[in-house]
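Reviewing the structure listed below.
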Amino acid sequence: MQYEAIVIGVSAGGMNALKTLFSLLPEDFKIPIIIVQHVSPRSENVWIQLLNEKSHLDIKEADEKEKIEKGKVYIAPPNYHLLVEKNKTFSLSVDERVNFARPSIDVLFETAADAYQHHLIGVVLTGANNDGSKGIKRIKECGGLTIVQQPDTAESPYMPASAIATSPPDYILPLEEIIKLLIEIDTPKEKSK
Amino acid sequence: MDTTDSTKGLREKGNDSIQPAIPVSQKAEVNVHDLLEAIHTHYGYDFREYSAAHVKRRIMNRMALTGIEDISQFQAKVLAERAFASTLLQDLSINVTEMFRDPGFYRSLREKVIPILKTYPFIKIWHAGCSTGEEAYSMAIVLQEEGLADRTTIYATDFNQHVLNRAKEGIFSNRLIKEYTTNYQLSGGKESFSDYYISDDQNVIMNQYLKKKIVWANHNLVTDSVFAEVNLILCRNVLIYFDRKLQNQVQTLFHNSLMNGGILCLGTKESLRFTDFRNEYTALDEKQRIFKKKY
C-alpha cells in the first residue's frame, strides 16, 4: 500500500470532529491513525472511552515503545509529546511545550514525516492556534499527502487556515469529504504494478 | 528491533541514495549518528542509545538556533568548542520538570509507600535523573510532613552538572509557584505550600532544612554503576528517552541498587512491560507506576 500511516492534528472543536470521523470510518479501515488532540495536561483521557463507544475501530492511548499496527488508532497521552521512530514505534517526551502545546502536533508530524517519508498522510482539522503548520510543511517536503479541513467548515478555522497559509496542501475539504477520501485511499484498488 | 538497528538500516539506504525526494533527511540521519559517536569518543557522553527521533529534533533545533545548516560543519564546531558542546549537552539532557508533577502519584506515595518506609530505622532514597531538583524538593516536603525527614537521606543525581548546581541552589521562578501550589494541594499536601520557601518579587528559595536532607551528586545512568543500596528509587520520565536496550541496562542498575522489598517509582507512561524485569517486581500501584522488588 502506498500510505502506511495517517497523522491527524486537531485542537479546539476537536471532540466533535473526531466523533464524526470515527462514526464514519468502517471497521476494516487498515491504515493506522495517530492523533494529537490538544487537551488539558491533567486530563484523564476519559474522552478516549467516549470516542471508542462511537467507533468501529480500536482507539487507544499511545504507549512508549509501542509498535504501530494496522487497524489501530493511537492518541497522544496528555502532557507528553508523541514521537514516531524510524522503526515505527512510539517515543514519548516531556520536553518544553511547542506552540504552547504538549502534546504538539508539529512534533508528531515532523517525526512521523521522517519515519514514513512519502508513505504518510497528514491531516489538520479544526483548531484555534498554529500548531501543525510546520509539521504539515515537513510532510509535504518528504513527499507525503497533505489534507487540511476547509477553514469555513471548521468549528474553529484558525488552525486549518494557518496550515494552508504555511504550505499549500494537496486537498482542502470539508470534514465529511476528507473522511470519504481517506476511505477511498484505504480501499485497495485493481491497479497495475 | 531497537533504534540502533533501524539507524544502521538507514545508513545503508542513505549511502545508496536512490530516491531523489528523500536524501536530504536521510543524509542528516547518517550524520546525527556520526555526531553522537564523535561526542561519545571526544567527551565521553553517550547518547547513542537515546530515542533517535528525540535526539534528532534537539540537534536540528540547535542547528537552527546557531544558523548552521550543514551537519558536518556543526559537528566540527561541537568538537572544537567545549562551550558549544556544553550547550548541546544541555539540549540533549532532559531538564523539564515540576514540583509534585502528577499529583496522583504523590498521593499514592503518601498512601501506599510511606507506611512501608516507616518500618525502616534508616531510609535511603535515590532520585535518579533529578534535573533541577523540583521533584527532589517535593519528596523532601512529603518526608517532612510524614515525620520521616530525620531518618532519611535523598541522593539526587544527574549527569548534567549545570542542572545539579541549580538544583543545589533551590531557587525557582515565582511564576511557576502558582501551578506548583495547585499540584501540592492536589497531591494531598498537609500544610501551606508557602511555608516551604521564602520569596522575593522574582524567585522563591527553598527552605534550608529541606536542602539539608538532599545529597546532590553527579551520576550518569548510562555509564556509571551502583553507588548505594537504597530503599526507594525514583526515576520519572527519564527512561522514555532511552531505547529498549538502554532501558534494560538501566533497569539492571536499579534492580541491583534496590534492597529486597525496595520501591521503584517510574513516570506515569513508563512501564516494566518491555523490559527483562517485568517479573521481578509486584505493582503497588499499577496506574501510578509504583513497584515493589520481590524478595
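Chains R and D, in that order, give the protein sequences.
Under our numbering, think of the first position of the first sequence as 1342, with each following residue one higher.
Under our numbering, think of the first position of the second sequence as 317, with each following residue one higher.
Think of the CB as a built atom: it goes at the ideal place given N, C-alpha and C, for glycine as much as any other residue.
Remember, predicted model here, so these are calculated numbers, not experimental data.
Where residue i falls, given that 16 or more other Cβ within 10 Å makes a residue buried
i       : result
Q1343/R : exposed
E1426/R : buried
D616/D  : The shown model of chain D, from 317 to 611, leaves out residue 616/D, and the question about it has no answer.
N553/D  : buried
H1316/R : In this structure chain R extends from 1342 to 1534, so residue 1316/R is not present and cannot be described.
S1352/R : buried
N1428/R : buried
L381/D  : exposed
K494/D  : exposed
E1368/R : exposed
E586/D  : buried
G1412/R : exposed
R491/D  : exposed
R594/D  : exposed
P1515/R : exposed
S510/D  : exposed
CB contact flag (residue i, residue j, <8 angstroms)
i       : j       : result
Q1490/R : T1507/R : no
E596/D  : K609/D  : yes
L569/D  : V546/D  : no
P549/D  : A444/D  : The identity of residue 549/D in the sequence shown is Ile, whereas the question assumes Pro. Yes, these two residues count as a Cβ contact at 8 angstroms.
G577/D  : Y611/D  : yes
G1354/R : A1495/R : yes
D1404/R : V1414/R : no
N1440/R : N1470/R : yes
I1409/R : A1346/R : yes
Q406/D  : N476/D  : yes
M415/D  : Y525/D  : no
Y1512/R : L1522/R : yes
V1435/R : V371/D  : no
F488/D  : V458/D  : no
L1461/R : V1348/R : yes
K434/D  : L464/D  : yes
L1359/R : I1520/R : no
Candidates the options, of which the one nearest residue i by Cα
i       : options                            : result
S1432/R : I1519/R, I1375/R, I1480/R          : I1375/R
G449/D  : V458/D, R491/D, A483/D             : A483/D
K1478/R : L1424/R, V1448/R, A1495/R          : V1448/R
N1357/R : E1368/R, R1383/R, I1347/R, L1391/R : L1391/R
L1424/R : F593/D, N523/D, I556/D, L562/D     : I556/D
E602/D  : T584/D, Y611/D, T591/D             : T584/D
P1509/R : G1485/R, V1435/R, P1382/R          : G1485/R
N536/D  : K506/D, S409/D, M455/D             : S409/D
Y366/D  : A599/D, Q563/D, I606/D, A399/D     : Q563/D
A368/D  : D386/D, V348/D, I387/D             : V348/D
R605/D  : G420/D, G486/D, I387/D, H358/D     : G420/D
F438/D  : I470/D, D474/D, R378/D             : I470/D
C446/D  : L600/D, C581/D, A599/D, F593/D     : C581/D
S1381/R : Y1421/R, K1360/R, G1350/R          : Y1421/R
S508/D  : Q460/D, I430/D, N534/D             : Q460/D
T1361/R : E1525/R, P1444/R, E1518/R          : E1518/R
K561/D  : E1402/R, K1406/R, G1350/R, I1389/R : K1406/R
R398/D  : H358/D, N534/D, Q389/D, V429/D     : H358/D
Residues near residue i in its chain [Cβ-Cβ closer than 7 angstroms; skip 5 each side]
i       : result
W532/D  : A472, L480, A483, K484
N572/D  : V542
S1384/R : P1419
A337/D  : Confidence at A337/D is low in this model, with a pLDDT of 41, below 50, so its placement is unreliable and no value can be given for it.
D362/D  : H356, V538, T539
H1459/R : C1483, G1484, G1485
Supposed close pair residue i, residue j - CB separation, criterion 8 angstroms
i       : j       : result
D1527/R : I1416/R : Actually they are not in contact, since the Cβ atoms of D1527/R and I1416/R sit about 19 angstroms apart, beyond 8 angstroms.
R426/D  : E462/D  : 7 angstroms
K529/D  : T591/D  : Rounded, the Cβ-Cβ distance is 30 angstroms, inconsistent with contact.
M1500/R : G1473/R : 6 angstroms
I384/D  : L351/D  : Actually they do not touch by this definition, with Cβ atoms about 12 angstroms apart.
S503/D  : R423/D  : 5 angstroms
Same chain only: Cβ atoms within 6 angstroms of residue i, ignoring 5 sequence neighbours per side
i       : result
G1476/R : I1446, D1447, F1450, E1451
S1364/R : K1395
M522/D  : Y453, G486, Y513
K1481/R : T1487, S1508
I1505/R : V1489
A599/D  : F607
Q518/D  : N490
Cβ-based neighbour list, residue i, same chain, cut-off 8 angstroms, excluding 5 preceding and 5 following
i      : result
A544/D : K440, W442, Y471, S573
Q391/D : N347, D350, L351, A354
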